[in-house]
Amino acid sequence: MKPTDLVKGRKYRIKGTLGDAVVGKFIERIDRSKSFFIVDEYKGLDRPDDDGKVQMSDYVIARNVEEIKEY
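Going by my numbering, the first residue of the sequence shown is number 2, and it counts up by one from there.
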């Protein structure tokens with residue numbers, strides 16, 4: 002998926018390196034190289050007030066992020 006096609010507030014499937022996947026909500030894109038997602042499964046892993054924010058590069062988004070088709 003092209004990083005410029007991401008829509009704020011929409012949920013996307015993020016594929017992991019071992020074939021697993023999580024769902025993340027896109028929140029913002031900074032400059033031309035960084036984008037941020039909130040992943041519910043990652044909330045609280047680092048510390049109790051961790052909000053599950055994940056930073057991704059354009060390269061990772063192009064390879065590992067898919068739009069979730071809602072019916």
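Every residue gets a Cβ at the ideal spot worked out from N, C-alpha and C, and that includes glycine.
What is the rounded straight-line gap between the Cα of residue i and the Cα of residue j?
i: glycine 45; j: alanine 22; result: 18 Å
i: aspartate 32; j: serine 58; result: 11 Å
i: serine 34; j: methionine 2; result: 14 Å
i: phenylalanine 37; j: glycine 25; result: 9 Å
i: tyrosine 5; j: aspartate 51; result: Reading off the sequence, residue 5 comes out as threonine, not tyrosine. One C-alpha to the other measures close to 27 Å.
Considering just the uninterrupted stretch of the alpha helix (DSSP H) at residue i, what are its terminal residues?
i: valine 61; result: 59-65
Nearest by alpha-carbon distance to residue i: which of the options is it?
i: valine 8; options: Arg48, Glu29 and Leu19; result: Glu29
i: glycine 53; options: Glu42, Asp6 and Gly10; result: Glu42
i: isoleucine 69; options: Asp6, Arg11, Pro4 and Val61; result: Arg11
i: isoleucine 39; options: Tyr60, Phe27, Val61 and Glu71; result: Phe27
How is the beta strand (DSSP E) around residue i delimited, first residue to last?
i: arginine 14; result: 12-16
Original post:
Does the stretch 11-29 come close enough to the stretch 61-70 to have 3 or more Cβ pairs within less than 8 Å?
Top reply: yes
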